[in-house]
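The structure under discussion appears below in the form of structure tokens.
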Amino acid sequence: MNYYFDVFKIRKDFPFFINNPDIIYLDSAATSHKPSIVIEKEKEFYEKYNCNVHRTSGSFSLKVEEMCENSRKTIANFLNCDESEIFFTYSATYGINYIAYFLCINEYLGNDDEVIITEMEHHANLLPFLNLSKIFGFKVKVWKMNEKLELDIEELQKIISDKTKLLAVTHMSNVLGVVNDIENIVKICKDRGVMVLVDGAQGIVHNHVDLKKWDLDFYVFSAHKLYGPLGLGVVYVNKKHSKKKKPAFSGGSMISYVSLDKITYLDSPYFFEPGTQAFAQIFAFKYAIEYLKNLNLEKVKMYEIGLTKYLLEKLKELDFVEIYGNYEEVTDKRFAIVPFNVVNLHSHDVSFVLDRFNVLIRVGHHCAQLIHHKLGIPGSCRVSIAFYNTKEDIDKFIEALKQVKFLISKN
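The opening residue of the sequence shown carries number 1 in our numbering; numbering runs sequentially from there.
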């Protein structure tokens with residue numbers, strides 16, 4: 001690696017590695033670890049600021065509300081969008097379900113309309129549309145991957161029709177590490193009058209996001225994959241979709257007037273936020289964003305690409321490993337997530353042996369069964385790296401993987 005990135009200094013910011021020095025953690029696509037500042041700030045909220053905002057005009061509650069709104073502002077600046085276009089929920093999965101239902105009850109989607117999903121999707125960006133199509137009558141079409149396990153733009157142009165209303169697409173595959181060209185996809189869809197919903201759960205972790213430039217409709221991600229706390233999802237709704245619509249869900253904190261005859265809702269983002277929010281997590285997430293911004297994100301990305309190259313070099317030396325996807329070379333279009341299998345061995349058996357060597361990876365179908373149907377396999381092993389991983393982590397993983405073959409062959 002020809003660039004300076006002090007990963008060992010960075011690891012000291014993460015209590016998990018201090019408390020578990022023998023653990024090789026290669027499962028950050030499932031959830032990331034949290035820097036000390038995030039953990040401390042969530043704890044600080046409960047110790048110093050704990051109260052329910054939007055419930056009183058008292059100065060203390062107003063102070064806490066301002067703190068949480070500052071978090072919203074920090075997140076909006078990070079994404080390059082307006083604060084009013086960001087609302088909080090409980091997870092990316094919940095956020096996508098919210099948007100899907102919101103589109104249906106506001107008649108964006110209905111009988112004879114078409115929604116395009118892709119073969120690359122996590123179930124969170126697939127099942128809501130499959131389920132709602134049976135209720136609201138729209139048709140679900142599939143944008144299939146090509147032989148390189150990538151999404152071909154020309155294929156998208158072919159399957160869009162006059163009935164197509166929405167494309168739901170992942171920014172970055174949680175199985176293959178493929179980064180989709182969201183800016184180009186949005187341009188094609190806008191030319192045809194098609195809305196775009198992007199599952200950014202993996203994409204935002206490894207790539208620059210510019211929502212104002214892209215001008216898409218919806219972007220959804222989870223805090224816990226972006227070095228923030230669990231239990232918090234973030235949803236971007238382009239302001240053109242937030243003007244006096246029907247809410248998908250209703251409750252306190254989102255209304256200005258209620259009678260049996262009339263309901264007046266607040267403007268966005270509060271329109272989308274019924275009930276008590278995860279204020280401690282909202283407060284703490286600001287510090288995850290600030291931590292990332294202080295790292296130099298371009299350096300982070302280059303480091304992760306370099307580490308992925310090293311991982312692939314080592315994996316390709318093992319003749320008993322099958323790697324999936326177009327990984328002839330590692331670029332900024334495919335990195336950080338590598339799926340593989342040990343030949344003639346179930347992925348769960350691989351995980352069982354690796355666990356004996358304190359190596360943590362993810363196995364199974366990764367909530368993306370369409371990809372595994374395409375590959376003709378029931379599941380896979382997945383290594384996912386982050387900027388706190390090291391070459392030494394990769395070396396120890398490779399040595400443990402060699403032991404998998406040795407131990408299995410003995411039995």
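Even glycine gets a Cβ: it sits at the ideal position worked out from N, Cα and C.
**Q.** Bounding residues of the alpha helix (DSSP H) (the contiguous stretch that carries Leu315)
**A.** Translated into the one-based positions of the sequence shown, residue 315 becomes position 315. Where Leu315 is concerned, the enclosing alpha helix (DSSP H) stretches over Leu297 to Lys316.
**Q.** Whole runs of the alpha helix (DSSP H) within the region 86–163, excluding any shorter than 4 residues
**A.** 92–105, 127–136 and 153–159
Q: Just the C-alpha distance for Phe175 and Ser61, rounded to the nearest angstrom, thanks.
A: Here residue 175 refers to the residue found at position 175 of the sequence shown. Here residue 61 refers to the residue found at position 61 of the sequence shown. In the sequence as presented, Phe is not what sits at residue 175; that position holds Val. Approximately 43 Å, taken between the alpha carbons.
Q: Would you mind reading off the limits of the beta strand (DSSP E) that contains Ser256?
A: Stepping through the sequence shown from its first residue, residue 256 is reached at position 256. Its beta strand (DSSP E) spans residues Ile255 to Val258.
(Q) With three or more beta-carbon pairs closer than 8 Å as the criterion, would you say the region 234–253 touches the region 269–278? (A) yes
Q. When the distance is taken between beta carbons, is Ile337 closer than 7 Å to Gly200?
A. Residue numbering aside, residue 200 sits at position 200 when the sequence shown is read from its first letter. Residue numbering aside, residue 337 sits at position 337 when the sequence shown is read from its first letter. Not closer than 7 Å, so no.
Q: Identify which residue in Phe88, Ala168, Leu151 and Glu155 has its Cα closest to the Cα of Val140.
A: In the sequence shown, counting from the first residue as 1, residue 140 sits at position 140. Comparing Cα positions, the closest option is Ala168.
Q | C-alpha gap between Val38 and Lys63, whole angstroms | A | As a working mapping, residue 38 is identified with position 38 in the sequence shown. As a working mapping, residue 63 is identified with position 63 in the sequence shown. If you take the alpha carbons of Val38 and Lys63, they lie about 20 Å apart.
Q: Assuming Phe88 and Gln277 form a contact by the criterion Cβ under 8 Å, report the distance between their Cβ atoms to the nearest whole angstrom.
A: Position 88 of the sequence shown holds residue 88. Position 277 of the sequence shown holds residue 277. That pair is a contact at about 5 Å.
Q: For Arg356, count neighbouring Cβ atoms within 10 angstroms of its own Cβ and tell me buried if that reaches 16, exposed if not.
A: The sequence position of residue 356 within the sequence shown is 356, counting from 1. Arg356 comes out exposed.
(Q) On the DSSP bridge list, what partners appear for Leu167? (A) Counted from its first residue, the sequence shown places residue 167 at position 167. Ile116 and Val196.
Q: Using 6 Å as the cut-off, classify the Cβ of Leu266 as near or not near the heavy atoms of the ligand ADP, replying yes or no.
A: In terms of ligand content, the structure shown is empty, and the ligand ADP therefore cannot be addressed.
Q: Report the three-state DSSP secondary structure of Gly203 (helix, strand or coil).
A: Looking up residue 203 in the sequence shown gives position 203. Three-state DSSP puts Gly203 in a helix.
Q: State the start and end residues of the unbroken beta strand (DSSP E) segment that holds Val53.
A: Walking along the sequence shown from the start, residue 53 turns up at place 53. That residue, Val53, is in no beta strand (DSSP E); it is neither H nor E in DSSP.
**Q.** Beta-bridge pairing of Ile218 - partner residues as DSSP gives them
**A.** As a first step, residue 218 must be located in the sequence shown, where it is residue number 218. First, the amino acid is wrong: residue 218 is Phe here, not Ile. Phe218 pairs with Leu197 and Val237.
Q: May I ask you to report which of helix, strand or coil DSSP gives Val342?
A: For this step, residue 342 is matched to residue 342 along the sequence shown. Here Val342 sits in strand by DSSP.
Q. Where do the ends of the beta strand (DSSP E) carrying Ile263 lie?
A. On the sequence shown, position 263 is the one that residue 263 refers to. Ile263 to Tyr265 is the extent of the beta strand (DSSP E) around Ile263.
Q) Is it true that the CB of His123 sits closer than 7 Å to the CB of Thr367? A) In the sequence shown, residue 367 corresponds to position 367, counting from 1. In the sequence shown, residue 123 corresponds to position 123, counting from 1. For clarity, residue 367 is Cys in the given sequence; the question names Thr instead. Yes, Cβ-Cβ distance for Cys367 and His123 is below 7 Å.
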